[in-house]
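To keep things clear, I will list the structure first and then write my remarks on it.
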Amino acid sequence: MDDLVHFLRAGLDHDEVVAREAPPAPWRQAPTARHHSTASGRSEEAVFGVDAVRVATTGEGRQSLVAAKHFARHDPARVLAEIDAKWRMIRVAFEHAADVDAEFGDADDFERNGCKHTSTGDLPLLRLLALPYAAHPEYQAASRP
Numbered sequence: 002m003d004d005l006v007h008f009l010r011a012g013l014d015h016d017e018v019v020a021r022e023a024p025p026a027p028w029r030q031a032p033t034a035r036h037h038s039t040a041s042g043r044s045e046e047a048v049f050g051v052d053a054v055r056v057a058t059t060g061e062g063r064q065s066l067v068a069a070k071h072f073a074r075h076d077p078a079r080v081l082a083e084i085d086a087k088w089r090m091i092r093v094a095f096e097h098a099a100d101v102d103a104e105f106g107d108a109d110d111f112e113r114n115g116c117k118h119t120s121t122g123d124l125p126l127l128r129l130l131a132l133p134y135a136a137h138p139e140y141q142a143a144s145r146p
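Each residue of the sequence shown is one higher than the one before, counting from 2 in our numbering.
So, in structure tokens, the structure goes:
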């Protein structure tokens with residue numbers, strides 16, 4: 002396996018750990034009011050998890066309302082589902098490359114050993130899946146699609 006696959010695996014694994022450590026889903030924006038009153042008297046947008054546990058507070062105003070909606074929409078269950086979908090896409094890319102290369106019979110061999118004629122860096126899908134991690138210091142610009 003080459004550096005791009007190792008990099009992508011590390012990013013997805015880290016995202017999964019963080020999602021599993023977060024308060025459980027579903028998350029929702031405050032159901033009865035747009036603002037949550039704090040002890041200081043300020044109004045803030047709040048996002049709540051299971052059992053009304055507050056998982057995020059964003060501040061005041063329209064921008065905070067939008068941020069709270071975004072947080073609620075991207076709860077841990079959604080993040081985990083997206084990670085699973087990405088792993089499935091990677092598997093399809095490996096299966097396709099193994100079929101095209103015809104050196105190995107299945108995607109497991111390709112993922113473990115690579116193929117002589119098809120580098121995982123030559124798989125456009127892997128380059129695209131790595132793009133969200135482009136700000137990471139270990140991201141290699143040569144991986145950019």
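Using N, Cα and C, we set each Cβ at its ideal position, and we do this for glycine too.
Item	Value
For P146, I'd like the list of residues in its chain whose CB is within less than 8 Å of its CB, leaving aside the five on either flank, ordered along the chain.	P125, R128, L129, L132
Report the rounded CA-to-CA distance for E17 versus R10, giving the unit in angstroms.	10 Å
Compare the beta carbon distance of A47 and A69 with 8 Å and say whether it is the shorter of the two.	yes
Can you tell me where the beta strand (DSSP E) with V56 in it begins and where it stops?	55 to 60
Where do the N-terminal and C-terminal ends of the alpha helix (DSSP H) with E139 fall, by residue?	Looking at the DSSP string, E139 is not in any alpha helix (DSSP H), and its letter there is neither H nor E.
Going by beta-carbon coordinates alone, are R21 and A73 separated by less than 8 Å?	no
Going by DSSP, what residues sit across from R29 in a beta bridge?	F49
Would P138 be called buried (16 or more neighbouring beta carbons within 10 Å of its own) or exposed?	exposed
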